[in-house]
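First the structure, in the form of structure tokens, and then the observations on it.
Protein chains: 4
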Amino acid sequence: MSTNENLSKEQLEELLQTYRKFVEKELFPIDLKVIKGPFRSFLPQLHELRKKAKDLGLFAPHLPKDAGGLGLSLVDFAKVSEILGQSPIGHFIFNCQAPDIGNMELLELFGSDWQKEKFLKPLQEGKIRSCFAMTEPENAGSNPVILSTTAEREGDYYVINGHKWFTTAADGATFTIVMAVTNPEEESPYKKASMILVPLDNSGFSLIRNIPIMGEEGEDYISHGEVRFENCKVPVDHLIGSEGQGFALAQERLGPGRIHHCMRWIGICERVFSLMCQRALTRELYPGKPLAEKQTIQNWIAESRAEINASRLMVLDVASRMQVHGSKAVKEEISMIKFFVADVLMKVIDRAIQIHGALGVTDDTLLSFWYRHERGARIYDGPDEVHKASLAKSILKNFPKA
Amino acid sequence: MSTNENLSKEQLEELLQTYRKFVEKELFPIDLKVIKGPFRSFLPQLHELRKKAKDLGLFAPHLPKDAGGLGLSLVDFAKVSEILGQSPIGHFIFNCQAPDIGNMELLELFGSDWQKEKFLKPLQEGKIRSCFAMTEPENAGSNPVILSTTAEREGDYYVINGHKWFTTAADGATFTIVMAVTNPEEESPYKKASMILVPLDNSGFSLIRNIPIMGEEGEDYISHGEVRFENCKVPVDHLIGSEGQGFALAQERLGPGRIHHCMRWIGICERVFSLMCQRALTRELYPGKPLAEKQTIQNWIAESRAEINASRLMVLDVASRMQVHGSKAVKEEISMIKFFVADVLMKVIDRAIQIHGALGVTDDTLLSFWYRHERGARIYDGPDEVHKASLAKSILKNFPKA
Amino acid sequence: MSTNENLSKEQLEELLQTYRKFVEKELFPIDLKVIKGPFRSFLPQLHELRKKAKDLGLFAPHLPKDAGGLGLSLVDFAKVSEILGQSPIGHFIFNCQAPDIGNMELLELFGSDWQKEKFLKPLQEGKIRSCFAMTEPENAGSNPVILSTTAEREGDYYVINGHKWFTTAADGATFTIVMAVTNPEEESPYKKASMILVPLDNSGFSLIRNIPIMGEEGEDYISHGEVRFENCKVPVDHLIGSEGQGFALAQERLGPGRIHHCMRWIGICERVFSLMCQRALTRELYPGKPLAEKQTIQNWIAESRAEINASRLMVLDVASRMQVHGSKAVKEEISMIKFFVADVLMKVIDRAIQIHGALGVTDDTLLSFWYRHERGARIYDGPDEVHKASLAKSILKNFPKA
Amino acid sequence: MSTNENLSKEQLEELLQTYRKFVEKELFPIDLKVIKGPFRSFLPQLHELRKKAKDLGLFAPHLPKDAGGLGLSLVDFAKVSEILGQSPIGHFIFNCQAPDIGNMELLELFGSDWQKEKFLKPLQEGKIRSCFAMTEPENAGSNPVILSTTAEREGDYYVINGHKWFTTAADGATFTIVMAVTNPEEESPYKKASMILVPLDNSGFSLIRNIPIMGEEGEDYISHGEVRFENCKVPVDHLIGSEGQGFALAQERLGPGRIHHCMRWIGICERVFSLMCQRALTRELYPGKPLAEKQTIQNWIAESRAEINASRLMVLDVASRMQVHGSKAVKEEISMIKFFVADVLMKVIDRAIQIHGALGVTDDTLLSFWYRHERGARIYDGPDEVHKASLAKSILKNFPKA
């Protein structure tokens, strides 16, 4: 979906600078308020900002030019993504937020013409939102091939039955893509499931609740749905790709998705790092003696700086190889950055909270939001443990045994 | 306040068993619902439970018998406290919750007769609640001797002006004890401040807000107030102890307070440990293969067990020495358990979340509540860094230099 | 072997004080020199010290009184052991060093009369040394039930063939106890092996080398042998216990053995902690500014203090239960202290080295010796990973599954 | 000294491949034996290998072409350095070992013509060795500006008096460069000292001992000297640069020096990583069940891979900026990689030892050598703590305070 051609160094630097200014000037002053919600009450204001972004030619940086985007390469977009990640509403404003970005990539690559026309286009334009229904409460997310949701063929329809959760942003979405077993007879667990597009006005679909997560239910885009499909009938042309191709598509979808997540996390780290340093410089233990002079604080700042830099270099390195060689070629490195950066993220946030003292546990800074809502980073899209085992096994497989 | 005499081993074991049953039977089934709130709506039900506790002779285990309690020693109460800590409403039900327990201890030791009659008695009986106003947003909590709040003497009154926060449970409390500078002329920063009792119906007092903490404002007992004193006049007989004695009293108050906290944390650890093991045994990666068979999970279970046991032994060891020799004698060990146990607590909770997977970040278990609300454990009552430095300096001071 | 009766508090404190003085006065001044070796050249001096210990009634504190010891309980001996552990030659001087102490316990419990007369007695008197041949280079020590060494019955003899290493202190020993498969036909891997006593003047035995470990071969008591049994014939009465009982005996031997190790490690920790504090107080970054004033150093001192205290409490807690209920009853707690204390040991040593700076990596202090020779603590007698898994499995087994 | 021009990607890859083959074919089979020593006995063999390296045009990769080297850029040499670092004798064979490489760089930049002719040239050719005398036992190495060694001007001579240690490879060296106070009257501690070249046949110089480090004294190149200068007279033309310039030169010397160290450490990490994986694949817990199947082992392999990759990317990133902008411009990033990579190094080695089990603590693999001799990595050239504080202060200084 993204091009292989990077911008020139100068072009890129100018572009990044433009994003940086936008984010700092337009988003930093309001983001803390917005994420406290209620989110819907801010939608008009957010759509104003989206319009402004469009006017400045900054909207949808990940999309091809002919789809209204900037036609950035994966690596260039990754750098933009870090900047957007510094604000919890950054990606949303520029319409490159998960899970929509993943769905856009998926439909661009594997959607049929009518699917593109009817669903992809308005999604790209920011007119609708979507979601992705994969995880099931009854089955371990760390082993995604075990699915209970089924989609049985009845004439020209699929009849879907199942129970999903962590269907991010289902509340207010126009459609979902659901992963369901269509081919139970296949021997390989990787070939049993398919991806099917389901418009959410379907009466067989229901949003049971926005799951209360870390103290908040949220709403609209800032929410994670628990949903049910009960004899949910959709025409067979709502299948994406072909039957049994579900996991193959999921892999395609998750590869760049993890790059996006990682760069967003690095953006968070940078914002948090700034908060950490500012607090250290301004909080005085006694007059004239700021926290910044304490060695423990200095250790945390130095360690955070090192770990954030390491994270960025690793992610960009993997992104540049993915850009040239494709997702599959860097499958194990993707695992590597997933657990490495998620760990750094949580460590940096934790140190920042400690430096902030009592203020750090309040909702008066962004730290609490990220401490709570990014704890999932070590779990979603595959928990650390799965990625570590997977990376190690790949390494060992390629290792000479003698 | 507590006696020096421990129960016999058999008596104690029987008592603990009684508490254990009460907590498991009465509190475990409802506590998750209660802490989701709104808290006030549960008060009738909670007061029912308090009554039941009284009827069973279990109420206020920390109080002397003549004050309606069980007259337990510090060590015996610590063991009870661990059991109560397994439920987030445990201490509340038995009326030994912070900050009231600290205020009870303080008034018992240093309150005047009328203070005891008017405030301590109903507090002990669970008829009213109280709070403690010490931390100020403008001054680093880690250096408590720097206070901006003042109480100026005007005739027979103190006129208090100041801004406080993290005044736990101010919402709904009947009185607060406030730490304010009465003797600015004293050279030693430790002798400038006093503790003054302020009934909260005083028009000079206002609760600005319940501070939103980690995603929740809470209410009533489950809240942390930001409060203001504006020309708040109270008669001089509201002084506790004598002028300038504030920090000395605070030390007395905090010593056993940290034992209570630590034992409550260990209680949390044990509940979390159970959740961890249960999840590991029941969550299957694929049919017949529970998480419990994975070595990483086993590592976490083993490490958690070791760290929790270590914590309990340390806290009980310090408690038994404090019981005999007083708070001051174990000042440095108190610092030691404060940072050690708080660290174990956060590690155990974090592992349990990871083992729970997506469920772990939802509010469908208690993990999220503790992950959020106990992050403060490494900050309140002195951040880790202060306790470590303080312990190290004591050690080094007593060390032969040759 | 040890009694169940503890000394009175006063008796014990006096005894410990006596050991403390001996160790500080007699051993601290020479131990660094002794462990640099060559060890044999110091034997006359060490035997002098043993004599002195005997004269003072301090020799062999672990032995029953009628065997020339002090008849201490396991717990009391554990406390003595910590003191002896502060010097790398402490246990040797008092004849309670591994592996001899384990062999004494084994022969006391399971040796035949002639074995006791011929081997145990001189061992108890410190006239001979012994070793224990279990680990095999070809088989993972973490799974001890897989053994290649065999002892085949030929008439009234066992003919032993096998290759062992980490036969500690084989160099100069009078006999070894070897673990060898005598009953290969047994189904249970736990019932295939036996323990056989082998005098080392047997021509079928050879010491291949003292294994160079962490830069040193060592010699005599300070060495770890690689040994071979080639058609090594010993009369059948050299069997200890009965055939197939090898692992059962090994468990008996290892239980208290791990208590001894843990207490010795805590002794090391205390000596290292002293070195750490002394260095921090005397090393100046610039005139008048000792390292001790740096917060990072203070953190390490505080954390070390907490971890060492936790370790001691845990080990003594397990020891006191083992003393009453036997090894088996505390099998899982033994695993727990094994990995917990070994980890603390390595962390404390590592911090002390860092505080010492360049001096810390030289052999001019004891730190280097322990850094090198105790790295094995996380490996010998079962690596961390095995103990963690074993503890976790026990916990999970006893856990209600609902 | 090094050029700014990198080789083409193809040229570089070919060159690296050549080095890789040499190191694997010529050095891997002998290096374990060589470092066990005695080192001098291997010198003829090592000089044979140096000759072979010269014949293949691989010798002294860091030197300009006209000095007999390959004229590599800093970045290209860094990549070569990683390969050489995989063997403990790698840098020595190619004559780019510390401390000689630092001295070569120093003399190239600041040496006078005769110094270059007389000392630099034979050093570059590998005909002599040199050392660097800076650290003093009496003063904290972490604060290098405090020096007791003096060089007083007497006519046309400097008379040097002082006591140094960790003068690496003094044994067998032809000259040293000594850091001594020449200008005690200067106010700035950074301007008091100078660097002076001292031929070691000077009667005022003595090598007191090769310091026993982590169990070994070593000899010749593999040693660290404690040395004394007593009225050691050298002509004033032995001054390097100008008087008082000592620390300025040291900074120049240490900048690339830390890049070299870091890349060498990464080389060690890679070799250790290989050993780790090989052991995991071949060590069986029971027949058919290699260690590699255990999740803990997999975690360590995955974490090590991530950390090593992060290290390499960071060091090469800093190196490429240093190559363009000079040492000073990346001063803080140098601190960052110093502590980050040293930490990774020790963690990777430690995990490898644990995976090797008992074998890991023997000298039968390279692990023990590196575990012992690279513990210093967190201390030499500035301990972690100094680098962290220094990095943090730089960051905070450049931080907007508002």
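Sequence order for the protein chains is A, B, C and D.
Those letters in the first sequence? Residues 1 to 402, by UniProt numbering.
Those letters in the second sequence? Residues 1 to 402, by UniProt numbering.
Those letters in the third sequence? Residues 1 to 402, by UniProt numbering.
Those letters in the fourth sequence? Residues 1 to 402, by UniProt numbering.
Where is the CB? At the ideal position from N, CA and C, for every residue including glycine.
Since the model is a prediction, treat every value here as computed from it, not as a measurement.
Rounded straight-line distance, which links the Cα of residue j to that of residue i
{"i": "B/R351", "j": "A/Y157", "result": "44 angstroms"}
{"i": "D/L197", "j": "D/E243", "result": "13 angstroms"}
{"i": "D/S188", "j": "D/K331", "result": "20 angstroms"}
{"i": "D/K116", "j": "A/F28", "result": "58 angstroms"}
{"i": "A/W370", "j": "A/I349", "result": "7 angstroms"}
{"i": "B/L84", "j": "B/F273", "result": "15 angstroms"}
{"i": "A/P287", "j": "D/P184", "result": "36 angstroms"}
{"i": "D/Y221", "j": "C/R283", "result": "30 angstroms"}
{"i": "A/R264", "j": "A/G162", "result": "31 angstroms"}
{"i": "B/M314", "j": "B/I337", "result": "7 angstroms"}
{"i": "C/A67", "j": "C/I35", "result": "29 angstroms"}
{"i": "B/M322", "j": "B/E307", "result": "22 angstroms"}
Bridge partners - residue i, DSSP secondary structure assignment
{"i": "C/M179", "result": "C/M195"}
{"i": "D/Y158", "result": "D/R153 and D/V234"}
{"i": "D/E219", "result": "D/I222"}
{"i": "B/N210", "result": "B/G225"}
{"i": "A/A358", "result": "None, per the DSSP bridge assignment."}
{"i": "C/F132", "result": "C/I177"}
{"i": "B/F205", "result": "B/F229"}
{"i": "B/T168", "result": "B/H224"}
Nonlocal neighbours in the same chain, by C-beta distance under 7 angstroms from residue i, ignoring five residues either side
{"i": "A/T135", "result": "G141, K164, W165 and F166"}
{"i": "B/I297", "result": "A280, L291 and I355"}
{"i": "A/L367", "result": "V272, L275, I349, A352, I353, H356 and G360"}
{"i": "C/F94", "result": "A53, L58, F59, A60, P61 and L84"}
6 angstroms CB neighbourhood of residue i in its chain, flanking five on each side removed
{"i": "A/R312", "result": "I266"}
{"i": "C/Q97", "result": "H91"}
{"i": "D/H261", "result": "none"}
Cut-off 8 angstroms between Cβ atoms - residues of its own chain near residue i, not counting five sequence neighbours on either side
{"i": "A/E385", "result": "S142"}
{"i": "B/N202", "result": "C232, K233 and V234"}
{"i": "D/N139", "result": "I146, L147 and S148"}
Chain E contact for residue i (CB, 7 angstroms cutoff)
{"i": "B/T296", "result": "No chain E appears in this structure, whose protein chains are A, B, C and D."}
Note to self: Quick check for students: name the residue ranges of the alpha helix (DSSP H) that lie wholly in the region 262-336 of chain C, counting only runs of 4 or more.
What the structure shows: 295-325
Check: Does the region 227-247 of chain D touch the region 45-65 of chain D, meaning 3 or more C-beta pairs lie closer than 8 angstroms?
Finding: no
Notebook entry, point to check: What are the uninterrupted segments assigned as alpha helix (DSSP H) that are 4 or more residues long and contained completely in the region 58-128 of chain A, given in chain order?
Noted result: 74-85, 90-93, 100-110 and 121-124
Note to self: Below 8 angstroms, how does it come out for the region 146-156 of chain B and the region 76-89 of chain B: are there three or more Cβ pairs, yes or no?
What the structure shows: Too few Cβ pairs lie closer than 8 angstroms, so no.
Margin query: Contact between the region 20-39 of chain B and the region 65-75 of chain B is defined here as three or more beta-carbon pairs at a separation below 8 angstroms; is this criterion met?
Written below: no
Note to self: Assess contact between the region 201-215 of chain B and the region 356-376 of chain A, defined as three or more Cβ pairs (one per stretch) separated by less than 8 angstroms. Is contact present?
What the structure shows: Under the three-pair Cβ rule at 8 angstroms, the region 201-215 of chain B counts as touching the region 356-376 of chain A.
Check: What alpha helix (DSSP H) runs, 4 residues minimum, are completely inside the region 362-398 of chain C?
Finding: Listed in chain order, the complete alpha helix (DSSP H) runs (minimum 4 residues) inside the region 362-398 of chain C are 367-373 and 384-397.
Next item on the list: May I ask you to verify whether the region 388-399 of chain D touches the region 4-15 of chain D, counting CB pairs closer than 8 angstroms and requiring at least 3?
Entry: no
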